[in-house]
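A.B. asks: Numbering-wise (the working numbering), the sequence shown opens with residue 142 and increments by one.
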Amino acid sequence: MTSQVEVDELSAKRLCHYCVGEKFPKAEIRAEGRCGRCSYCARPGSKSYTIGDLENRIEEIFETHYVRTSDHPNSWKVTMLSDRGPAAIERRLLDQLAADYMRPERPSWAACVRRVKVFAESHGVAIPHARTLWRRLCKLYDGPMIALYRDEPLPVWLLRRFAANDR
Ligand SMILES: [Zn+2]
142 MTSQVEVDEL SAKRLCHYCV GEKFPKAEIR AEGRCGRCSY CARPGSKSYT IGDLENRIEE
202 IFETHYVRTS DHPNSWKVTM LSDRGPAAIE RRLLDQLAAD YMRPERPSWA ACVRRVKVFA
262 ESHGVAIPHA RTLWRRLCKL YDGPMIALYR DEPLPVWLLR RFAANDR
């Protein structure tokens with residue numbers, strides 16, 4: 142069971158528009174959200190809603206923009222609240238993978254995926270293909286940020302852009 146304290150803590154968390162995949166909530170957060178540090182991707186000043194805000198709005202957003210097909214109108218909320226929701230587990234695995242990969246020791250992507258796979262399998266969770274995981278990682282962190290954490294030289298395209306701005 143989820144306790145009231147856990148629910149309150151979750152409600153206070155911020156979620157930015159970068160972290161929302163669904164088109165309509167994403168657009169609304171970008172338009173109406175307040176700037177704050179996202180609790181999920183840690184972007185410091187992106188337009189965001191608290192989970193509580195989103196909870197209050199989500200039903201209306203979905204009612205307005207989506208045809209309801211589910212018999213469980215609250216399934217979205219249940220997934221967010223449940224620690225065992227597939228999205229939450231996957232998100233945690235991805236965080237773990239990101240933390241592993243973005244070390245100055247520069248481990249290879251394949252090695253990190255292998256490690257997280259072992260962990261996932263020991264918990265009875267199937268993880269997506271390495272390529273899918275990479276795509277999701279790139280959605281959460283951009284190239285320069287990954288390079289920075291890994292102590293790698295910055296990507297060429299970015300350096301070129303800096304050079305152009307200097308002129
Ligand atoms: Zn975010």
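Ideal placement from N, C-alpha and C gives every residue a C-beta, glycine not left out.
Our contact map puts leucine 234 next to valine 254 with C-beta atoms below 8 Å; I'd like the distance itself, whole angstroms only.
C.D. replies: Rounded, the Cβ-Cβ distance is 10 Å, inconsistent with contact.
A.B. asks: Confirm, please, whether the CB-CB distance from arginine 291 to arginine 247 is below 7 Å.
C.D. replies: Cβ atoms of arginine 247 and arginine 291: closer than 7 Å.
A.B. asks: Is it buried or exposed, valine 208, if we count other Cβ atoms within 10 angstroms and call 16 or more buried?
C.D. replies: Note that valine 208 scores a pLDDT of 49, beneath 50, so its modelled location is shaky; the value from the coordinates is reported in the next line. Valine 208 should be labelled exposed.
A.B. asks: How about tyrosine 159: is its Cβ closer than 6 Å to a heavy atom in ligand 1?
C.D. replies: The answer is yes for tyrosine 159.
A.B. asks: Compute the beta-carbon to beta-carbon distance between cysteine 160 and tyrosine 181, rounded to the nearest angstrom, for a pair I have assumed lies under 8 Å.
C.D. replies: So it is a contact: roughly 5 Å between Cβ atoms.
A.B. asks: Return yes when at least one heavy atom of ligand 1 lies under 6 Å from the C-beta of arginine 175, else no.
C.D. replies: No, ligand 1 has no heavy atom inside 6 Å of this Cβ.
A.B. asks: Quick one: is arginine 244 buried, meaning 16 or more other Cβ sit within 10 Å of its Cβ, or exposed?
C.D. replies: Burial call: exposed.
A.B. asks: Does the beta carbon of leucine 253 fall short of 6 Å from some heavy atom of ligand 1?
C.D. replies: According to the sequence displayed, residue 253 carries cysteine and not leucine. No - ligand 1 has no heavy atom lying nearer than 6 Å to the Cβ of cysteine 253.
A.B. asks: For arginine 277, I'd like the list of residues in its chain whose CB is within less than 7 Å of its CB, leaving aside the five on either flank, ordered along the chain.
C.D. replies: Around arginine 277: Leu235.
A.B. asks: Could you pull the DSSP bridge partners for tryptophan 184 from this structure?
C.D. replies: Looking at the sequence shown, residue 184 is not tryptophan but arginine. Answer is none; arginine 184 lacks a bridge partner.
A.B. asks: With cysteine 253 as the anchor, note down where its alpha helix (DSSP H) starts and where it stops.
C.D. replies: 250 to 263 is the extent of the alpha helix (DSSP H) around cysteine 253.
A.B. asks: Could you give the residue range of the alpha helix (DSSP H) that holds cysteine 279?
C.D. replies: 271 to 281 is the span of the alpha helix (DSSP H), which, as asked, contains cysteine 279.
A.B. asks: Return the CA-CA distance between alanine 288 and aspartate 194, expressed in angstroms with no decimal places.
C.D. replies: Rounded to the nearest angstrom, the two C-alpha atoms are 34 Å apart.
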